[in-house]
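Asks:
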Amino acid sequence: MVKTHNPPGSAEDRHDDTAGRVYGVARGSARGGSSALPLASAARRRRKPRATAGSGRLAALLVSPTLLVLTIVVLYPTIVALKDSLFGTPGLDPKTGFVDETDPFVGVQNYTDIFGVAGERFWNAFWNTSFLTVTTVGMETVIGVAMALIMNRAFQGRALVRASILVPWAIPTAVTGLLWRWIFNSNGIANAVIGQQVLWTTEGFHAKAAVIIADVWKTAPFIGLLVLAGLQVINKEVYEAARIDGAGAVRQFWSITLPLVKPALMVAVLFRTLDALRMFDLPYILIGAQKESVETLSMLAQDQAANVRFGPAAAYAVILFLYVFLIALAFVRLLGANVVGDDDAVPKRRRRWLPVRRPAEVAA
């Protein structure tokens, strides 16, 4: 390594002096010198906008209706359900022999019962909910992405195809359940197509298959619609450049389409996952109540409440709420940070002043 000496007064010499002063200020700041505060940092602090009292009040005023609605719709019912889950079912009073008019306080017994013999039905509903969620959301994601790719292409009759794909999602769930119950009837279209007599609405794995088919048919267009919105914002020049570089259709999908549409896809999958965990109306109408094969946590809580067992019903509702909350939290924590890359998201406390290399120092 050698150092080249620039003539006095030259541009290189003035650049070296400036770099030396910046380096000296940085070193003085790192050693704790009060007079070595970086001028650029002070300027950034002066230019940093500060929220005034008026803007803060305006923000609170605009957010207050949303907070009020969330408090009434979410927070208050959750607190009431948590309180009711601590009480049991009224029974006979051993002193009087009459039925108690008030629910007895049992503490956390409704929660501990799920780990005993009485919890067999709960765990069956829990695994049914998890299985139906994983299978339906997985199939809907694949089919929805395929629908979005088809709807995004330019061809004659594209508007008709888009409308026909979105029709199942627009149909109410109750109507969908009745429609597919007619299809899965013993003398229905499903048995006529497969050529066998299958009792779809009775106990067995075929009941789960019927619910999965009906749910995928209804909600796959929802994922396709959100993914289509993400495809619309991708610049077509990116695909033209990829084709010039020799990338095929599969390569373009994995390297361009999927990474760029990932934010919309993650939002769609998150919404569908949370919705599938609360599945109630479709299996209730299509298969029926108290069917062990398709009974979900929502159906179990409704059945307990219908039988005037409000304490266990509230406990099941609270557990379902916590299950959905933990899934949403894990989903956002694991996948939310990777949806949009942010190179500037570096904690300020980890930033350090680095010495500025003099441009006059070159390798021999």
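Taking my numbering as reference, the numbering of the sequence shown is continuous, increasing by one, and the terminal residue is 749. Backbone N, C-alpha and C fix where the C-beta goes; we use that ideal spot for every residue, glycine too.
If I measure Cβ to Cβ from residue 641 and keep anything under 7 Å in the same chain, skipping five residues before and after, which residues do I get?
Replies: Correct list, in chain order: 623, 624 and 627.
Asks: Taking residue 680 and residue 601 to be in contact with their CB atoms under 8 Å, please state how far apart those CB atoms are, rounded to whole angstroms.
Replies: Between residue 601 and residue 680 the Cβ distance is about 20 Å, and since that is not below 8 Å, they are no contact.
Asks: Can you tell me whether residue 440 is buried or exposed? The criterion is at least 16 other CB atoms within 10 Å of its CB, across all chains shown.
Replies: Exposed is the call here.
Asks: Tell me whether residue 606 is buried or exposed, calling it buried when 16 or more other Cβ atoms sit within 10 Å of its Cβ.
Replies: By the 10 Å Cβ count, residue 606 comes out buried.
Asks: Leaving out five residues on either side along the sequence, give the residues of the same chain with a beta carbon under 8 Å from the beta carbon of residue 709.
Replies: Closer than 8 Å at the Cβ level, and outside the excluded window around residue 709, lie 659, 662 and 663.
Asks: Go ahead and pull the three-state DSSP assignment for residue 540.
Replies: Residue state, collapsed to three classes: coil.
Asks: Contact between the region 557–566 and the region 666–676 is defined here as three or more beta-carbon pairs at a separation below 8 Å; is this criterion met?
Replies: Taking 8 Å as the limit for Cβ pairs, the verdict is that the region 666–676 does touch the region 557–566.
Asks: Please state the DSSP three-state secondary structure of residue 472.
Replies: Strand, per DSSP.
Asks: Whose CA, out of 633, 666 and 716, lies closest to the CA of residue 341?
Replies: Residue 341 is absent from the model: the chain starts at 386 and stops at 749.
Asks: Measure from the alpha carbon of residue 608 to the alpha carbon of each residue in 574, 568, 554 and 586, then state which is nearest.
Replies: Residue 608 has its Cα closest to that of 554, out of 574, 568, 554 and 586.
Asks: Does the separation of the CB atoms of residue 530 and residue 650 fall below 9 Å?
Replies: Cβ distance < 9 Å, so residue 530 and residue 650 count as in contact.
Asks: Does the beta-carbon of residue 683 have 16 or more other beta-carbons within 10 angstroms, so that it is buried, or is it exposed?
Replies: Per the 10 Å Cβ criterion, buried.
Asks: So, using beta-carbon positions, are residue 550 and residue 532 closer together than 9 Å?
Replies: In this structure, residue 532 lies closer than 9 Å to residue 550 by Cβ.
Asks: In whole angstroms, what is the alpha-carbon distance linking residue 509 and residue 685?
Replies: When rounded, the distance between both Cα atoms is 10 Å.
Asks: From residue 495 to residue 465, what distance separates their C-alpha atoms?
Replies: When rounded, the distance between both Cα atoms is 15 Å.
Asks: Check whether the region 496–516 touches the region 582–591, counting contact only when three or more Cβ pairs, one atom from each stretch, lie closer than 8 Å.
Replies: Because the criterion of three Cβ pairs below 8 Å is not met, the region 496–516 and the region 582–591 do not touch.
Asks: Work out the CA separation of residue 527 and residue 697 for me, nearest whole Å.
Replies: Between residue 697 and residue 527, the C-alpha separation is close to 38 Å.
Asks: Where residue 521 and residue 595 are concerned, what is the direct C-alpha to C-alpha distance, given to the nearest angstrom?
Replies: Those two C-alpha atoms are separated by around 11 Å.
Asks: Taking the continuous alpha helix (DSSP H) assigned at residue 664, which residues delimit it?
Replies: Residue 664 -> no alpha helix (DSSP H), and no H or E assigned at all.
Asks: Does the separation of the CB atoms of residue 559 and residue 676 fall below 9 Å?
Replies: No, they are not a contact pair.
Asks: Buried or exposed: residue 490, going by 16 or more other Cβ atoms within 10 Å of its Cβ?
Replies: Residue 490 comes out exposed.
Asks: Determine the extent of the alpha helix (DSSP H) in which residue 710 is found, giving its start and end residues.
Replies: 695–716 is the extent of the alpha helix (DSSP H) around residue 710.
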